[in-house]
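To start, the structure itself, in structure tokens.
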Amino acid sequence: MPDLPQPLLTLDGISFGGRIVRGASLSLYPGEVLCLVGKSGAGKSTLLRTAAGCLPPTKGRVLLSVDDRASLSLYDLPEQALVPLRRRRFGFVAQDARETLDLAASAAANIAQTLFDNGERHFGRALEAARHWFAALDLDEARMRDLPGVFSGGMQQRLQIARALVHEPDILFLDEPTTGLDTSAQARLLRLLSELQRRTGVAMLLVTHDLRIARLLAHRVIVLHEGRIVEEAPPDRLVTDPCHPASRDLVASMI
Amino acid sequence: MTILCVEGLAKRYGDRTIGPATFTLTAGEVGLVVGGSGSGKSTLLDLIYGTRVASAGTAILDTGGWRRDLLTLSVVELISIRRSTIGYCTQFLTAIPGKSGRDLARETAAPGTCLTEIEGLFEQLALPPHIWDLPAVTWSGGEKQRLNIALAALRRPRILLLDEPSPRSIDRCTPSFGPSCLTWRKRAPRCSSACTKPRTASQRQGQRSHWIQQKPNYLLNTSRSTLPSLRRLRMLRNTYFTIKKNGLSELARNAHAKSQRPSFGAGTVMLHF
Chain U
1 MPDLPQPLLT LDGISFGGRI VRGASLSLYP GEVLCLVGKS GAGKSTLLRT
51 AAGCLPPTKG RVLLSVDDRA SLSLYDLPEQ ALVPLRRRRF GFVAQDARET
101 LDLAASAAAN IAQTLFDNGE RHFGRALEAA RHWFAALDLD EARMRDLPGV
151 FSGGMQQRLQ IARALVHEPD ILFLDEPTTG LDTSAQARLL RLLSELQRRT
201 GVAMLLVTHD LRIARLLAHR VIVLHEGRIV EEAPPDRLVT DPCHPASRDL
251 VASMI
Chain Z
1001 MTILCVEGLA KRYGDRTIGP ATFTLTAGEV GLVVGGSGSG KSTLLDLIYG
1051 TRVASAGTAI LDTGGWRRDL LTLSVVELIS IRRSTIGYCT QFLTAIPGKS
1101 GRDLARETAA PGTCLTEIEG LFEQLALPPH IWDLPAVTWS GGEKQRLNIA
1151 LAALRRPRIL LLDEPSPRSI DRCTPSFGPS CLTWRKRAPR CSSACTKPRT
1201 ASQRQGQRSH WIQQKPNYLL NTSRSTLPSL RRLRMLRNTY FTIKKNGLSE
1251 LARNAHAKSQ RPSFGAGTVM LHF
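Same order as they appear, the protein sequences are chains U and Z.
Using my numbering, the first residue of the first sequence is number 1, and each one after it goes up by one.
Using my numbering, the first residue of the second sequence is number 1001, and each one after it goes up by one.
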């Protein structure tokens, strides 16, 4: 058996609040799409935010590998070290695009902002990157100077993804990226995500309540139920042979 | 050399048990799982691929130097072994909506597979070129199924599990079905430019001889109606496993199957050759 690669991100016994997340441990490997599924209120988004370094857990550690051997415990770092690390290595796509986008700046500026945050000082290069990502995500280049507030939901979601990927992060966190999109926009977004993942090799931690999305996109699925991880399986196994009652419930209610 | 060694593999559904199944598959061998509907053919393949969790038994796979029990692997290990060693063709194609067949094949193919090779395989499977760039979910049933076979084969697995590679697809492209997906093409040298000229029949013939050089192992799950066409292809020289309707308990192995004629017992769907 060839050695498995070092996990990129390890969550070690994460608890949050009393019952929201209770002792969740998981590892994310390089180039992997890991899906967190569960009913609403199962603690998916909380766990995602904790993993992304935005929400300190009550208990437990989040370890991010920095090279082959060493790893850093995110929440033991001082704020001045955590924020740049998070900016450089993570990309975050929220459920509501308004959460991450700057609605007062143009679409292009939104993409460029991530680069400026990471030390880019050349305006032309940032603009070039914005143009490249507009094309990569099927956005109309003529609307680069528009405010993101006037974009449609699907476009805002794609703009968010461009903003999250422009600095080539190691991990992309996605919180229900297809919520509120019609089915054709969902399909387009899925196609795009799978292509981007293949091209850039970015690891993805994806939260969804929709098993169909997990099945099409994920390499591995983790089921959360009442704050606990109750099952881990390849997506095909989860759909054909769910073990835990909570996962059976999810599969049974699949449309 | 034994590639796959299954012992006492069983799956419990409530109070009903499927199995236990015991058999081995040696290098270059084609195994065939035959049985009535609901007898556990797909379950057997699912247990080996890890789509279902086995209740008991072992399934030891030679992953190229390493022998691993597929049933004790962690999920991450299972996924990495699947990617490198096991090909699995399901009864239905699961594809991201809107992705074209050519893109799907390109993404699934083992690293180093050139486009010409993919197109060659599509041609062999009688997939018309004008649909290659259309979304795979809009293809017809038989075309989808043939694409599914192509996707499983393009991974260059050591063992290929085919779950009902659909009579309808076999019927339509019987002459090409054999050489293309049930034989293995030797790894072709990396092509730097794609061949855009339509190949002549003789060129195709010349290429076809490559397909038979290096065979993976097959475990083929099929219905009775497919058997005559498979027999015509003279694929079924090797091994047969028959399943009784009430479980996998009667796995039989007949080495010289071709010389014997099928006979059906009363009450159970069981095939002897």
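For glycine and all other residues, C-beta sits at the position ideal for the given N, C-alpha and C.
Thinking C-beta only, is ALA142/U closer than 8 Å to ALA108/U? no
By the 10 Å Cβ neighbour count, where 16 or more other Cβ atoms means buried, how is ALA81/U classified, buried or exposed? exposed
For ARG1052/Z, go through chain U and note every residue whose CB falls closer than 9 Å to its CB, in chain order. ARG237, THR240 and ASP241
Taking the beta strand (DSSP E) that LYS59/U belongs to, which residues open and close that run? 59-65
As a quick exercise: from GLY1050/Z, GLY1019/Z, GLY1065/Z and THR1113/Z, pick the residue whose alpha carbon is nearest that of LEU238/U. GLY1050/Z
Quick check on DSSP: helix, strand or coil for ALA1152/Z? helix
Looking at chain U, which residues of the region 1080-1096 of chain Z have a Cβ within less than 7 Å of any of its Cβ atoms? SER1080, THR1094 and ILE1096
Rounding to the nearest angstrom, what Cα-Cα distance links ALA105/U and ARG98/U in this structure? 12 Å
If you run the structure through DSSP and keep just helix, strand and coil, what is LEU152/U? Per the sequence presented here, residue 152/U reads as Ser, with Leu not at that position. Coil.
For PRO1128/Z, count neighbouring C-beta atoms within 10 Å of its own C-beta (all shown protein chains included) and say buried if the count is 16 or more, exposed if not. exposed
Decide if TRP133/U is buried, meaning its Cβ has at least 16 other Cβ atoms within 10 Å, or exposed. buried
Please report the distance separating the alpha-carbon of GLY60/U from that of ARG22/U. 10 Å
DSSP state of SER1249/Z, grouped into three classes? With a pLDDT of only 35 at SER1249/Z, under 50, the local geometry of the prediction cannot be trusted, and the value read off the model is given with reservation. If DSSP states are grouped into helix, strand and coil, SER1249/Z belongs with coil.
Pairwise C-alpha distance: VAL62/U and PRO1175/Z: Residue confidence for PRO1175/Z is low, a pLDDT of 41 falling below 50, so the modelled location carries little weight; the figure read from the coordinates is stated next. Distance between the alpha carbons of PRO1175/Z and VAL62/U: 57 Å.
So that I know if they touch, is there some Cβ in chain Z lying closer than 8 Å to that of ASP138/U? no
Measuring straight from C-alpha to C-alpha, what distance separates CYS54/U and MET144/U? 29 Å
Taking ILE1060/Z as part of the beta strand (DSSP E), name the residues at either end of that continuous run. 1056-1062
Just checking my contact of LEU224/U with ALA94/U at CB under 8 Å: how many whole Å lie between their CB atoms? In fact, because the Cβ distance is near 19 Å, the residues do not count as touching under 8 Å.
Report the neighbours of GLU1107/Z on chain U: residues whose CB is nearer than 7 Å to its CB, in chain order. ARG198
Identity of the residue in THR46/U, LYS39/U and SER65/U nearest LEU28/U by Cα: SER65/U
Using 8 Å as the limit for Cβ to Cβ distance, is GLU1077/Z near chain U? yes
Please confirm whether LEU957/Z and LEU1004/Z have their CB atoms less than 8 Å apart. Because chain Z spans 1001 through 1273 in this model, residue 957/Z falls outside it and cannot be assessed.
Taking Cβ positions only, does PRO177/U come closer than 8 Å to chain Z? no
If you scan the region 153-183 of chain U from start to end, which runs of the beta strand (DSSP E) of 3 or more residues do you find wholly inside it? 171-175
Using the Cα positions of PRO177/U and PHE92/U, report the straight-line distance between them to the nearest angstrom. 10 Å
Can you list the residues of chain U that GLY1098/Z reaches, using a CB-CB cut of under 7 Å? ALA187, ARG188 and ARG191
Out of GLU128/U, CYS243/U and ILE229/U, point me to the one whose CA is closest to ASP12/U's CA. ILE229/U
Quick one, which of THR1090/Z, CYS1089/Z and THR1063/Z has its alpha-carbon nearest GLU1077/Z's? THR1063/Z
Could you list which residues in chain Z have their beta carbon closer than 8 Å to that of TYR29/U, in chain order? VAL1076
Label ASP170/U either buried or exposed according to how many other C-beta atoms from any shown protein chain fall within 10 Å of its C-beta, with 16 as the threshold for buried. buried
Cβ neighbour criterion (16 or more within 10 Å) applied to THR1043/Z: buried
Short of 7 Å Cβ to Cβ, which residues in the region 63-91 of chain U face chain Z? none
Contact criterion: CB-CB distance below 8 Å. Does PRO234/U meet it with respect to chain Z? yes
How big is the Cα-Cα spacing for SER40/U and PHE1122/Z? 43 Å
If you check the beta carbons only, do GLN1285/Z and ASP1163/Z fall under 8 Å apart? Outside the modelled stretch of chain Z, which goes from 1001 to 1273, sits residue 1285/Z, for which no answer is possible.
For TYR1088/Z, which of THR1017/Z, PRO1111/Z, ALA1150/Z and TRP1139/Z has the nearest alpha-carbon? ALA1150/Z
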